[in-house]
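These protein sequence lines are chains C and W, in that order.
Using the numbering used here, the first residue of the first sequence is number 9, and each one after it goes up by one.
Using the numbering used here, the first residue of the second sequence is number 9, and each one after it goes up by one.
Here's the structure we're looking at; comments come further down.
Protein chains: 2
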Amino acid sequence: MDHKIDRLELPKCMDCACFNLRKAARAVTQLYDKALRPTGLRTTQFTLLVGISMLGAVRVTRLAEIGVMDRTTLTRNLKPLERRGLIQITPGNDHRTRVVTITDEGQKALEQALPLWKKVQADVVKRLSQERWNSMRADLGEVVSLVSKS
Amino acid sequence: MDHKIDRLELPKCMDCACFNLRKAARAVTQLYDKALRPTGLRTTQFTLLVGISMLGAVRVTRLAEIGVMDRTTLTRNLKPLERRGLIQITPGNDHRTRVVTITDEGQKALEQALPLWKKVQADVVKRLSQERWNSMRADLGEVVSLVSKS
DNA sequence: ACAAAATAGGTGTATATACTCCTAAGTAAT
DNA sequence: ATTACTTAGGAGTATATACACCTATTTTGT
């Protein structure tokens, strides 16, 4: 019994949107994480700190929605930040909720990380060209909204 | 001491290439994983099976390179496939190497998964439009090659 | 032939991701 | 007021990801 899959079918799978997006995400993550390494922050953590700092005080579920991230994923991603004292998680007025805020330590870490992020971001955008990155970012947004409506 | 970060600095971070790529990757992964769920395969696993099936017999490091994936990540990603008997890992002629091959079980799983993948892929491409996906895929490839040359 | 260098790969550890199932607390129906 | 429903969130489990460090094997320089 030879396989029933046509030899021409499998190469098509290299066009997989999920594979190509994940691959690109892995690649840039390595680049950004390396750039942020002196701060001890991963890019995921940096992004969370930025969001928390901007929002002031935010519920867990809301923060998860913004990142198109599962709520339970966010809970786990907050752990290392809390352990390092960069954020605080306290019960909200609605006693079901938990509110996340950034600490002074967190602000300081953010100040330290910001110039490193700016450098690697500028480098990536420059090498892609600003136009290409603009259209790419729009496309990525389209992908996200497409999935949200599923 | 009020924070020294200009109020206009943080919103710029929402343009982060890493954040936007990871976010989009999370979104599509949820879509594809859901589509493949009846097979018990995650999209990552499906992609690996496709690659292994196409390449016939491939060394661990080579397979990792193709996916722009850390070698040790691949090692761990192969584990669930091996445990389910979908692939085999055997020592190569060069006794340092390990060669990965797909099993009959793996071929069968692939046959089962292929139409489900085709459906979700076609759906995504259609909703994005073929043109947009084409340009997007080219952009993603550009990102990967950009990072590889760092 | 043998020591040094290079190569292939795995383990330990830590983070990232999400599904299923569970508890607690608020809200609505009667 | 009490029950039913809904909402917010965590815990258990499993996969995904990669860095630092380790071992084993091959290649290379002499």
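Don't be surprised by glycine CBs; every beta carbon is placed ideally from N, CA and C.
Quantities reported herein were computed from a predicted structural model and do not represent experimental measurements.
Host beta strand (DSSP E) of C:R106 (start-end): Translated into the one-based positions of the first sequence, residue 106 of chain C becomes position 98. Where C:R106 is concerned, the enclosing beta strand (DSSP E) stretches over 106-110.
Per-residue DSSP class, three states only, for C:V76: Looking up residue 76 of chain C in the first sequence gives position 68. Three-state result, C:V76: coil.
Under the three-state DSSP convention, the category W:I60 falls into: Within the second sequence, numbered from 1, the residue matching residue 60 of chain W stands at position 52. W:I60: helix per DSSP, three-state reduction.
Span separating the alpha-carbon of W:V133 from that of C:V151: Taking the second sequence and counting its residues from 1, one reaches residue 133 of chain W at position 125. Taking the first sequence and counting its residues from 1, one reaches residue 151 of chain C at position 143. Distance between the alpha carbons of W:V133 and C:V151 is about 10 Å.
is_contact[C:V151, chain W] using C-beta, thresh 7 Å: Within the first sequence, numbered from 1, the residue matching residue 151 of chain C stands at position 143. Yes, C:V151 lies at the interface with chain W (some Cβ there is under 7 Å from its Cβ).
Buried or exposed by the 16-neighbour rule on C-beta atoms within 10 Å, applied to C:D147: Along the first sequence, read from residue 1 onward, the residue named residue 147 of chain C stands at position 139. Buried is the call here.
Cβ pair count under 8 Å reaching 3, the stretch 62-77 of chain W against the stretch 100-109 of chain W: yes
Which residues DSSP lists as bridging W:G99, in chain order: To locate residue 99 of chain W, count along the second sequence from 1; it is residue 91. One detail in the question is off: residue 99 of chain W reads as Pro in this sequence, not Gly. Its beta-bridge partners are W:R106.
Beta-bridge pairing of C:R67 - partner residues as DSSP gives them: Numbered from its first residue, the first sequence carries residue 67 of chain C at position 59. C:V107, per the DSSP bridge assignment.
C:L49 versus C:E17 - alpha carbon distance: Here residue 49 of chain C corresponds to residue number 41 of the first sequence, with the count starting at 1. Here residue 17 of chain C corresponds to residue number 9 of the first sequence, with the count starting at 1. Distance between the alpha carbons of C:L49 and C:E17 is about 42 Å.
Meets three-Cβ-pair contact criterion under 8 Å: the stretch 110-117 of chain W and the stretch 83-102 of chain W: yes
Spatial neighbours of C:L136 in its chain, beta-carbon cut-off 8 Å, leaving aside the 5 residues before and after: The residue labelled residue 136 of chain C in the question sits at position 128 within the first sequence. Closer than 8 Å at Cβ, skipping near neighbours: M144.
Cβ contact (3+ pairs, closer than 8 Å) linking the stretch 38-49 of chain W and the stretch 37-53 of chain C: no
Simplified DSSP assignment, three categories, for C:R140: Position 132 of the first sequence, counting from 1, holds the residue named residue 140 of chain C. Helix at C:R140.
Per-residue burial, C:N85 [other beta carbons within 10 Å of its own, 16 or more giving buried]: Along the first sequence, one-based indexing puts residue 85 of chain C at 77. C:N85 comes out buried.
Amino acids of chain W, ordered along the chain, whose beta-carbon sits closer than 8 Å to that of C:P19: To locate residue 19 of chain C, count along the first sequence from 1; it is residue 11. The answer, in chain order, is M62.
Nonlocal neighbours in the same chain, by C-beta distance under 7 Å from W:Q120, ignoring five residues either side: In the second sequence, the residue the question calls residue 120 of chain W occupies position 112. Excluding sequence neighbours, W:Q120 sits near T47.
Contacting positions in the stretch 67-96 of chain W - beta carbon closer than 7 Å to chain C: G75, V76, M77
Short-range partners of chain C found in the stretch 29-45 of chain W, where Cβ spacing is below 9 Å: L29, R30, K31, A32, A33, R34, A35, V36, T37, Q38, L39, Y40, D41, K42
Enclosing alpha helix (DSSP H) for C:L18 [first to last residue]: Counting from one through the first sequence, the residue named residue 18 of chain C turns up at place 10. Start and end: 17-20.
Against chain C: residues of the stretch 107-128 of chain W by CB proximity under 7 Å: Q115, L118, E119, L122, W125
Supposed contact pair W:L56 and W:A117 - C-beta distance, whole angstroms, cut 8 Å: Along the second sequence, read from residue 1 onward, the residue named residue 117 of chain W stands at position 109. Along the second sequence, read from residue 1 onward, the residue named residue 56 of chain W stands at position 48. About 11 Å separates the two Cβ atoms, so there is no contact after all.
C:D41 - containing alpha helix (DSSP H), residue span: By 1-based counting over the first sequence, the position of residue 41 of chain C is 33. Element bounds for C:D41: 25-44.
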